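Peer 1: When we follow the numbering used here, the leftmost residue of the sequence shown carries the number 98, and every step to the right adds one.
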Amino acid sequence: VQLQASGGGLVQAGASKRLSCVASGSNVISINDMAWYRQAPGEQREWVASITSSGSTNYADSVKGRFAISRDDAERTVYLKMTSLKPEDTAVYYCAARLSAYGEYGYWGQGTQVTVSS
98 VQLQASGGGL VQAGASKRLS CVASGSNVIS INDMAWYRQA PGEQREWVAS ITSSGSTNYA
158 DSVKGRFAIS RDDAERTVYL KMTSLKPEDT AVYYCAARLS AYGEYGYWGQ GTQVTVSS
């Protein structure tokens with residue numbers, strides 16, 4: 098499975114942005130859960146949101162109510178709609194996928210930078 102993330106950029110605080118991540122490869126139809134993580138400068142990578150194959154979603158407390166994860170399996174794409182962005186949301190955002198409903202995410206995209214100015 099290969100993952101290609103896009104949609105990052107520079108925005109002002111309070112703005113919205115949507116990230117996309119397209120999956121491809123021979124095992125793409127076997128993808129179960131997908132997720133977004135982020136890593137701010139000098140910080141460890143943190144989980145942001147995840148979505149199961151049935152569409153159930155979960156969010157980190159820091160983004161709950163502001164971010165929305167969704168997926169379009171026909172397009173092999175997972176999205177992260179971010180609203181009311183804050184400077185502390187500045188990070189490199191990574192999409193991830195796993196073929197099972199448990200364990201670590203084994204497939205990662207290359208990351209897309211989101212910078213929120215105050």
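No residue lacks a Cβ here, since even glycine has one placed at the ideal position from N, Cα and C.
Please read all numbers here as calculations on a predicted model, not as lab measurements.
Just to confirm my understanding: we take R142, look at its own chain, exclude 5 residues before and 5 after, and list those with CB closer than 6 Å. What are they?
Peer 2: Y134, Q136
Peer 1: Just to confirm, are T209 and G122 a CB contact at a threshold of 8 Å?
Peer 2: Here T209 is not near G122, since their CB atoms are 8 Å or more apart.
Peer 1: For V189, I'd like the list of residues in its chain whose CB is within less than 6 Å of its CB, leaving aside the five on either flank, ordered along the chain.
Peer 2: Q136, G208, Q210
Peer 1: Using a threshold of 8 Å, state whether the C-beta atoms of A157 and L177 are closer than that.
Peer 2: no
Peer 1: Is the separation between the beta-carbon of N124 and that of L196 shorter than 8 Å?
Peer 2: Between N124 and L196, the CB-CB gap stays under 8 Å.
Peer 1: Give the secondary structure of I128 by DSSP, where H, G and I count as helix, E and B as strand, and everything else as coil.
Peer 2: coil
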